[in-house]
Amino acid sequence: MKLYLKLGLILLAFCVVATALLAFVNSATKPKIEELKSKAAEEARSALIPDAVFELKTIAVPEADSIEYYEAKDEKTGELKGYTFTAAKAGYSSNVKTMAALDPDFKIINIQVIEQAETPGLGANCIQESFSAKFKGLAPDELLVDKDGGKIKSLTGATITTRAIANSLRETVQLIQAELSAEAEKEPKP
Amino acid sequence: MSFVKELTKGLIKENPIFVIVLGMCPTLATSTSVNNAIGMGMAATFVLVCSNVMISLIKNITPDKIRIPVYVVVIAAFVSVVDMVMGAYLPELHKSLGLFIPLIVVNCIILGRAEAFANKNNVLNSLADGIGMGLGFTLALVVVSTFREILGNGTWAGLRVMPKTYDPMLIAILAPGAFITLGLLMAAINLLKERFQ
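Listed in order, the protein sequences are those of chains S and V.
The numbering of the first sequence is this note's numbering, which starts it at 110 and goes up by one.
The numbering of the second sequence is this note's numbering, which starts it at 708 and goes up by one.
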C-alpha cells in the first residue's frame, strides 16, 4: 500500500513539473504566435484584394461560432471593393481552411487555401493556382462540385477535398449575403 | 569508440524501419512525398534526441514500476514545448514541420528507444543513439517516399522526373501503395542480407 502511494506521488511530481513547464512556455510564446497568425492572415487578405483597407465585421450565428468577414474599401477613394472571409470544413484527412475574396456582387474574385493536410499528390493539389482559378467569377449558388450538379471540376481522385472547399465557401457566402441584404433593407438608401 | 558505434548502428544494421520495424504508422502516412519524409524525419530526430537525453538523465530517479507513464509524460511535454517554441520563433519551419508534430507523440520509435536504450545507458551514448536512430528513420522514409512519389506523382521532392506524358500510378501514393512499397523494400533488404552473410 505504502509503495503504491509513493509511486503515485512520484508520478504526480513528474506531472506537476511537466505541467508547470508547459504553462510557462505557453504563456511565453502565445502572444508571439497570435501576432504571427494575424500578420499572415493580413498578408493573405491584401494578396486577394490589393490596395484596400479592411474592416472587421462579425455576424452572430445562433448555436455556432460567429462568422467574421472583412469589408475591403479602396485605400484612396473609400469605394467598396469587396469582402474577404475564411471558411473551413473537414476534407479527406484534415480541416481545410480557405480564404476567399468576393466582389460587391458576391462573386468570387479569388480563393486561397491557407491550411490543409490532404493527401499529397491528390487533395493537396488544392494549393495550386490552377485549382483556385476554377472558382474565379462564380456566384454563390454556383459553388458546387460537378458531381453535385455544379460547375467546379473536382481534383483527380480528390472529390472530397474539392467538395469541402466548395461547400464551406458556399455556406459562408450565403450567410454573409443574407446578413448584408437584411441590413440593406433595414436602412434604405436615400 | 562506442559513441561512434551507437551513432552508426541506426542507419543500416539496426534501422528502425527496415530492421526493428518500429514506427510503421508515421512511415505509411508521411512517405507520400520526399519533402514530407524529410520533414517528418527531421522533426522526429529532434524529439528523439531530446527525449533520449532527458530520459537518460532521469533514469536513476525514475522508479521502475512507473517508468512507462513517466516516459509518456516526458515525451508529450517535450513535443508540446517544441511545437510552441517553433511556432513562435521559427514560423517558416513550423509551417512545414507543424503537420507532423502531433504524429510524433504516437511515434513508437521514441518510446521504444527510451525503453530499450536510454534508460540503460549513459547520456552520451543515448545522445548518439537518438541521432543515429533518427537519421536511420529519415533515411528509410526518404527511400520509401522516393519510390512512391516517382511512381505516384511523377516527381521527386517536387521536381518533375518523369516525362509529361507519364500517367501517374495513383495507387502508389494511396495507403495500399505504402504497404506494397514497404513490403517489397523489406523483402529486398532481407534478400541482400542473406546474400552477404
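Heads up, the beta-carbon is just placed ideally off N, CA and C, and yes, glycines get one too.
| Integer-rounded CB distance, given that V:G843 should sit under 8 Å from V:P733 | In the second sequence, residue 733 of chain V corresponds to position 26, counting from 1. In the second sequence, residue 843 of chain V corresponds to position 136, counting from 1. 14 Å between Cβ atoms; not a contact.
| chain V partners of S:N276, CB-CB under 8 Å? | The residue you call residue 276 of chain S lines up with position 167 of the first sequence. Within 8 Å Cβ-Cβ: nothing; S:N276 doesn't reach chain V, min ~23 Å.
| request: Pull up the DSSP beta-bridge partners for S:K182, would you. | output: Looking up residue 182 of chain S in the first sequence gives position 73. According to DSSP, which records beta bridges pairwise, S:K182 is partnered with S:V162 and S:L189.
| said: Here's a check: name, in chain order, each residue in its chain whose Cβ is nearer than 7 Å to the Cβ of V:F807, leaving out the five neighbours to either side. | reply: Sequence index remark: in the second sequence, residue 807 of chain V carries index 100 (1-based). If we look at V:F807 and ignore the five residues flanking it on each side, its Cβ neighbours are T737, G746, M747 and A750.
| query | Can you list the residues of chain V that S:N204 reaches, using a CB-CB cut of under 8 Å? | reply | For the purposes of this step, residue 204 of chain S is taken as residue 95 along the first sequence, with counting starting at 1. Going along chain V, no residue has its Cβ under 8 Å from S:N204, so there is no contact; the nearest lies around 12 Å.
| task | Hey, could you find the ends of the beta strand (DSSP E) S:M220 is sitting in? | result | If you number the first sequence from 1, residue 220 of chain S lands on position 111. The residue you asked about is not Met; residue 220 of chain S is Ile in the sequence shown. Element bounds for S:I220: I217 to E224.
| task | Give, in chain order, every residue of the region 792-817 of chain V whose Cβ lies closer than 8 Å to some Cβ of chain A. | result | In summary, chain A is missing from the structure at hand, where the protein chains are S and V.
| message | Report the start-end ranges of each alpha helix (DSSP H) in the region 224-287 of chain S that is 4 residues or longer and not cut off at the edges. | response | 238-241
| Can you list the residues of chain S that V:K772 reaches, using a CB-CB cut of under 7 Å? | On the second sequence, residue 772 of chain V is found 65 positions in, with the first residue counted as 1. Neighbours of V:K772 on chain S, chain order: L116.
| request: Count the C-beta pairs between the region 816-824 of chain V and the region 753-768 of chain V that are closer than 8 Å, then say yes if the count reaches three, no if not. | output: yes
| message | So the candidates are V:D836, V:K772, V:G884 and V:K716; which of them puts its Cα closest to the Cα of S:Y113? | response | Residue mapping note: residue 113 of chain S aligns to position 4 of the first sequence, counting from 1. Closest by alpha carbon: V:K772.
| Beta carbon of S:A196 nearer than 8 Å to that of S:K190 | Counted from its first residue, the first sequence places residue 196 of chain S at position 87. Counted from its first residue, the first sequence places residue 190 of chain S at position 81. No, the pair does not count as a contact, with Cβ atoms beyond the cut-off.
| message | Is it the case that the region 859-874 of chain V contacts the region 236-244 of chain S, given that we only count it when at least three CB pairs across the two stretches are under 8 Å? | response | no
| Is DSSP giving V:A821 helix, strand or coil here? | Here residue 821 of chain V is taken as the residue at index 114 of the second sequence, counted from 1. Residue state, collapsed to three classes: helix.
| message | If contacts are defined as beta-carbon pairs under 8 Å, then S:T228 and S:A210 qualify, I think. What distance do you get, rounded to the angstrom? | response | As a working note, residue 228 of chain S is residue 119 in the first sequence. As a working note, residue 210 of chain S is residue 101 in the first sequence. No, S:T228 and S:A210 are not in contact; Cβ-Cβ is about 27 Å, not under 8 Å.
| Are S:S277 and S:T207 touching if we call contact CB-CB under 8 Å? | Residue numbering aside, residue 277 of chain S sits at position 168 when the first sequence is read from its first letter. Residue numbering aside, residue 207 of chain S sits at position 98 when the first sequence is read from its first letter. Going by C-beta atoms, S:S277 is nearer than 8 Å to S:T207.
| said: Quick check on S:K141 - is its C-beta less than 8 Å from some C-beta in chain V? | reply: The count along the first sequence starts at 1 and reaches residue 141 of chain S at position 32. Closer than 8 Å: yes.
| task | With DSSP as the reference, label V:T769 as helix, strand or coil. | result | Position 62 of the second sequence, counted from the start, is the residue given in the question as residue 769 of chain V. V:T769: coil per DSSP, three-state reduction.
| Counting contacts by CB-CB distance shorter than 8 Å, is S:F240 in contact with chain V? | Start at 1 with the first residue of the first sequence, and residue 240 of chain S comes out as number 131. Chain V, which has no Cβ nearer than 8 Å to the Cβ of S:F240, makes this no.
| Starting from S:K206 and walking both ways along the beta strand (DSSP E), at which residues does that stretch end? | Along the first sequence, read from residue 1 onward, the residue named residue 206 of chain S stands at position 97. Unbroken beta strand (DSSP E) run through S:K206: N204 to L211.
| query | If we ignore side chains and look at the alpha-carbon of each, how far apart do V:L892 and V:I719 end up? | reply | Sequence index remark: in the second sequence, residue 892 of chain V carries index 185 (1-based). Sequence index remark: in the second sequence, residue 719 of chain V carries index 12 (1-based). Rounded to whole angstroms, V:L892 to V:I719 spans 13 Å at the Cα level.
| request: Using DSSP bridges, identify the partner residues of S:T195. | output: The residue given as residue 195 of chain S occupies position 86 in the first sequence. Looking at the DSSP assignment, S:T195 forms a beta bridge with S:M208.
| field | Cutoff 8 Å: V:T739 Cβ touching any chain S Cβ | value | Start at 1 with the first residue of the second sequence, and residue 739 of chain V comes out as number 32. Closer than 8 Å to some Cβ of chain S, the Cβ of V:T739 qualifies, so yes.
| query | Alpha carbon to alpha carbon, what distance is there between S:I119 and V:L714? | reply | Here residue 714 of chain V corresponds to residue number 7 of the second sequence, with the count starting at 1. Here residue 119 of chain S corresponds to residue number 10 of the first sequence, with the count starting at 1. About 33 Å.
| field | Own chain partners of V:Q904 with C-beta closer than 8 Å, once the 5 adjacent residues on each side are dropped | value | Working through the second sequence from its first residue, we reach residue 904 of chain V at position 197. Counting only Cβ-Cβ distances below 8 Å, and skipping sequence neighbours, we find nothing.
| query | Quick one: is S:V134 near chain V, going by C-beta distance under 8 Å? | reply | Locating residue 134 of chain S in the first sequence gives position 25, counting from the first residue. Yes, its Cβ sits closer than 8 Å to a Cβ of chain V.
| task | Assuming V:L881 and V:A744 form a contact by the criterion Cβ under 8 Å, report the distance between their Cβ atoms to the nearest whole angstrom. | result | As a position in the second sequence, residue 881 of chain V is number 174, starting the count at 1. As a position in the second sequence, residue 744 of chain V is number 37, starting the count at 1. Between V:A744 and V:L881 the Cβ distance is about 16 Å, and since that is not below 8 Å, they are no contact.
| Are V:T752 and V:T845 touching if we call contact CB-CB under 8 Å? | One-based indexing of the second sequence puts residue 752 of chain V at position 45. One-based indexing of the second sequence puts residue 845 of chain V at position 138. It is a contact, given that the beta carbons lie within the stated cut-off.
| request: Would you kindly work out how many angstroms separate the C-alpha atoms of V:M840 and S:A267, rounded to a whole number? | output: The residue you call residue 840 of chain V lines up with position 133 of the second sequence. The residue you call residue 267 of chain S lines up with position 158 of the first sequence. The alpha-carbon atoms of V:M840 and S:A267 are separated by roughly 35 Å.
| request: Would you verify that the beta carbon of V:I838 is, or is not, closer than 8 Å to some beta carbon of chain S? | output: Position 131 of the second sequence, counted from the start, is the residue given in the question as residue 838 of chain V. Not an interface residue.
| request: Return the Cβ separation of S:G200 and S:I269 in integer angstroms, given the expectation that the two are a contact with Cβ distance under 8 Å. | output: Your numbering for residue 200 of chain S matches position 91 in the first sequence. Your numbering for residue 269 of chain S matches position 160 in the first sequence. 6 Å between Cβ atoms; contact.
| said: I believe V:A784 touches S:L130 by the beta-carbon criterion, under 8 Å. Please report the beta-carbon distance rounded to the nearest angstrom. | reply: Taking the second sequence and counting its residues from 1, the one referred to as residue 784 of chain V is at position 77. Taking the first sequence and counting its residues from 1, the one referred to as residue 130 of chain S is at position 21. Their Cβ separation, rounded to whole angstroms, is 6 Å, which keeps V:A784 and S:L130 in contact under 8 Å.
| request: Check the DSSP bridge columns for S:I176 and list the partner residues they point to. | output: As a first step, residue 176 of chain S must be located in the first sequence, where it is residue number 67. Note: S:I176 sits in a beta bridge opposite S:I168.
| query | Which chain V residues sit within Cβ distance under 7 Å of S:L145? | reply | Taking the first sequence and counting its residues from 1, the one referred to as residue 145 of chain S is at position 36. Chain V residues near S:L145: P798.
| message | For S:S263 and S:A275, what's the separation of their Cα atoms in angstroms? | response | Counting from 1 along the first sequence, the entry for residue 263 of chain S is found at position 154. Counting from 1 along the first sequence, the entry for residue 275 of chain S is found at position 166. Each residue's alpha carbon lies about 10 Å from the other.
| Cα-Cα separation between S:K245 and V:S833, rounded to whole angstroms | Along the first sequence, read from residue 1 onward, the residue named residue 245 of chain S stands at position 136. Along the second sequence, read from residue 1 onward, the residue named residue 833 of chain V stands at position 126. When rounded, the distance between both Cα atoms is 55 Å.
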